[in-house]
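Asker: Here the working numbering = 1-based position in the sequence shown + 244.
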Amino acid sequence: MAATYTFDVFTSLDGFGGAGGDWTGYWGKQGPELLDHRLALYSGEQRMVFGANTYRLFTQMVAESTEESEVYDPWVTRMRNLPATVVSTTLEGPLDWPDATVMSGDAVDVVARLKEESEVPLRSHGSLSMNRALMAAGLVDRVQVTVFPVITGKTGVDPVFQGAADFDLELLDHRTLDGRTQELVYRPALHA
245 MAATYTFDVF
255 TSLDGFGGAG
265 GDWTGYWGKQ
275 GPELLDHRLA
285 LYSGEQRMVF
295 GANTYRLFTQ
305 MVAESTEESE
315 VYDPWVTRMR
325 NLPATVVSTT
335 LEGPLDWPDA
345 TVMSGDAVDV
355 VARLKEESEV
365 PLRSHGSLSM
375 NRALMAAGLV
385 DRVQVTVFPV
395 ITGKTGVDPV
405 FQGAADFDLE
415 LLDHRTLDGR
425 TQELVYRPAL
435 HA
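And the structure:
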């Protein structure tokens with residue numbers, strides 16, 4: 245049986261995965277319920293899957309952070325200590341990640357093989373272009389979108405679904421965290 249693959253992404257209401265200016269990684273909207281829920285999501289056995297750009301971004305953020313910064317939230321620390329596969333045609337090991345390996349090749353081929361071979365669920369946080377390609381190939385079982393209550397029209401960067409194929413989404417789960425942040429979990433299917 246193939247492992248479940250979840251594309252886990254943060255977004256502003258207007259669909260940006262990040263923002264410039266004085267916004268923080270959570271757009272300043274993190275609260276205890278969100279952080280506890282994120283830690284619970286990452287507490288079970290799973291394998292992380294990253295594209296090379298997201299891997300580089302995470303390692304840079306960790307290297308530039310301090311113990312007091314939000315980069316060291318317990319869920320991020322837990323994510324960093326999970327086994328990980330980095331899909332890349334440019335990186336070579338060893339990687340600056342406790343239990344990460346590089347798999348070279350096309351992400352669709354690599355993740356299809358991982359889904360067949362993995363005994364634990366697969367999860368990818370970020371890696372937007374890679375996950376759009378995996379969705380188009382039918383390899384994403386769940387899209388988990390955490391929508392923060394902000395609009396970043398002037399400063400938004402990294403449009404989450406820009407250039408993606410058309411999809412119908414079946415709502416599997418939803419919740420409100422800290423009275424303001426929405427988490428939506430969907431099963432995607434290419435729109436016919």
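For every residue, glycine included, the Cβ atom is placed at its ideal position computed from N, Cα and C.
Please say whether residue 247 and residue 365 have beta carbons closer to each other than 7 Å?
Answerer: The count along the sequence shown starts at 1 and reaches residue 365 at position 121. The count along the sequence shown starts at 1 and reaches residue 247 at position 3. Yes, these two residues count as a Cβ contact at 7 Å.
Asker: Give every residue of the same chain whose Cβ lies closer than 8 Å to the Cβ of residue 395, excluding the five residues on either side of it in the sequence, and list them in chain order.
Answerer: Within the sequence shown, the letter at position 151 stands for residue 395. Result list for residue 395: 256, 257 and 258, in chain order.
Asker: Is residue 318 helix, strand or coil by DSSP?
Answerer: For the purposes of this step, residue 318 is identified with residue 74 of the sequence shown, where counting begins at 1. In this structure, residue 318 counts as helix in the three-state DSSP scheme.
Asker: Closest by CA to residue 322, which one among 245, 288 and 379?
Answerer: Here the question's residue 322 lines up with position 78 in the sequence shown. When only C-alpha atoms are compared, the closest one is 288.
Asker: If you scan the segment 267 to 305 from start to end, which runs of the beta strand (DSSP E) of 3 or more residues do you find wholly inside it?
Answerer: Listed in chain order, they are 291 to 295.
Asker: Report the option in 325, 419, 409 and 374 whose CA atom is closest to the CA atom of residue 392.
Answerer: Taking the first residue of the sequence shown as 1, we reach residue 392 at position 148. Comparing Cα-Cα distances from residue 392 to each of 325, 419, 409 and 374, the minimum goes to 419.
Asker: Which two residues bound the contiguous alpha helix (DSSP H) that contains residue 252?
Answerer: Working through the sequence shown from its first residue, we reach residue 252 at position 8. Where residue 252 is concerned, there is no enclosing alpha helix (DSSP H), although the beta strand (DSSP E) it sits in stretches over 249 to 256.
Asker: I need the DSSP call for residue 424, collapsed to helix, strand or coil.
Answerer: Here residue 424 refers to the residue found at position 180 of the sequence shown. Residue 424: coil per DSSP, three-state reduction.
Asker: With H, G and I counted as helix, E and B as strand and the rest as coil, what does DSSP make of residue 434?
Answerer: Here the question's residue 434 lines up with position 190 in the sequence shown. Residue state, collapsed to three classes: strand.
Asker: Where does residue 397 land, buried or exposed, given buried means 16+ other C-beta within 10 angstroms?
Answerer: Within the sequence shown, residue 397 is the residue found at index 153, counting from 1. So residue 397 ends up on the exposed side.
Asker: Please state whether DSSP places residue 412 in a helix, a strand or coil.
Answerer: Stepping through the sequence shown from its first residue, residue 412 is reached at position 168. Strand, per DSSP.
Asker: Starting from residue 366, follow its DSSP beta bridges and name the residues at the other end.
Answerer: In the sequence shown, residue 366 corresponds to position 122, counting from 1. DSSP output for residue 366 lists 249 and 291 as bridge partner(s).
Asker: Measuring only between beta-carbons, confirm whether residue 434 sits less than 7 Å from chain C.
Answerer: Absent here is chain C; the protein component of the structure consists of one chain.
Asker: Going by CA-CA distance only, name the one from 307, 355 and 389 that's closest to residue 341.
Answerer: To locate residue 341, count along the sequence shown from 1; it is residue 97. Residue 307 is the option with its Cα nearest to residue 341.
Asker: Let me check understanding here. Comparing Cα to Cα, which of 270, 388 and 371 lies closest to residue 299?
Answerer: Mapped onto the sequence shown, residue 299 falls at position 55. Here the closest residue by C-alpha is 371.
Asker: Residues in its own chain within less than 7 Å of residue 384 by CB, not counting five upstream and five downstream?
Answerer: Residue numbering aside, residue 384 sits at position 140 when the sequence shown is read from its first letter. Closer than 7 Å at the Cβ level, and outside the excluded window around residue 384, lie 249, 251, 375, 378 and 432.
Asker: Note the first and the last residue of the continuous alpha helix (DSSP H) segment covering residue 389.
Answerer: On the sequence shown, position 145 is the one that residue 389 refers to. Taken as a continuous stretch (DSSP letters only), residue 389 belongs to no alpha helix (DSSP H), being part of the beta strand (DSSP E) at 386 to 392.
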